[in-house]
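Okay, so here's the structure we're looking at.
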Amino acid sequence: MGFVKVIKNKQYFKRFQVKFKRRREGKTDYYARKRLIVQDKNKYNTPKYRLVVRLSNKNITCQVAYSRIEGDKIMCSAYSRELPRYGVKVGLTNYAAAYCTGLLLARRVRANGCQPHSPMGRFPLCAVKLLSNCVTLLRFKTWKYCALSTPHWFALYFLRKKANAK
Numbered sequence: 000m001g002f003v004k005v006i007k008n009k010q011y012f013k014r015f016q017v018k019f020k021r022r023r024e025g026k027t028d029y030y031a032r033k034r035l036i037v038q039d040k041n042k043y044n045t046p047k048y049r050l051v052v053r054l055s056n057k058n059i060t061c062q063v064a065y066s067r068i069e070g071d072k073i074m075c076s077a078y079s080r081e082l083p084r085y086g087v088k089v090g091l092t093n094y095a096a097a098y099c100t101g102l103l104l105a106r107r108v109r110a111n112g113c114q115p116h117s118p119m120g121r122f123p124l125c126a127v128k129l130l131s132n133c134v135t136l137l138r139f140k141t142w143k144y145c146a147l148s149t150p151h152w153f154a155l156y157f158l159r160k161k162a163n164a165k
């Protein structure tokens, strides 16, 4: 069998469908997003909350979000650039600032009354990314310290996995 020349002619480009803009830019993994935001069928229009953690060179952002058809809604957020108000002047992207930002978000969720009401008295939360770095893991620790009951079994799994690796 010989090689066949690949012809990308007019008919090929007529049927070609471009991917979503955020997929082309590499910003959104729709395969992972679908599995992250799909809620159980028996929960009837109950939002599925998730903790969003974004790290940049100058800032740490923590948000509690849920998904809607129109787009994602942010319930509560905290930024490390707000920490100078509370006495942390420098090092706004280090480990200690990550702890303080997570603590600030957890306190806001409790104090501002934006904690969702669930029949079990728990705050159902799922992680956006697998906990590969210690800064993200630290956010889940702060949630636990603020008595926000979250199912963070995946955080414990990664702690055990790292302990077994050593």
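For reference, each letter of the sequence shown is one residue, going 0 to 165 in numbering that gives the first Met the number 0.
The beta-carbon is built from N, C-alpha and C at its ideal position, and this holds for glycine as well.
The structure presented is a predicted model; accordingly, all values stated were derived computationally and were not measured.
The bridge partners DSSP lists for T60 are R53 and Y78.
Straight-line measurement puts the Cα of T45 at about 9 Å from the Cα of D39. Out of Q10, L35 and A96, the CA that lies nearest to the CA of A77 is found in A96. T100 and I59 do touch by the CB rule: their CB atoms are close to 5 Å apart, below 8 Å.
Taking the Cα of V51 as reference, the smallest distance to any Cα among R32, I6, F2 and K57 is reached at R32. The shortest C-alpha to C-alpha distance from Y48 to any of R22, K13, R23 and S66 is the one to S66.
For the 8 Å CB-CB criterion, K72 and A64 form a contact. Distance from the Cα of L91 is smallest, within the candidate group S55, N111 and I68, for S55. Note on geometry: alpha-carbon atoms of Y85 and R53 lie some 21 Å from one another. Residue state for K33 is assigned as helix, using DSSP reduced to three classes.
The alpha-carbon of V17 is positioned some 16 Å away from that of K26. Taken through DSSP and simplified to helix, strand or coil, Y43 comes out as coil. Annotated three-state conformation of Y11 is helix, per DSSP. Beta-bridge pairing by DSSP links D71 to S66.
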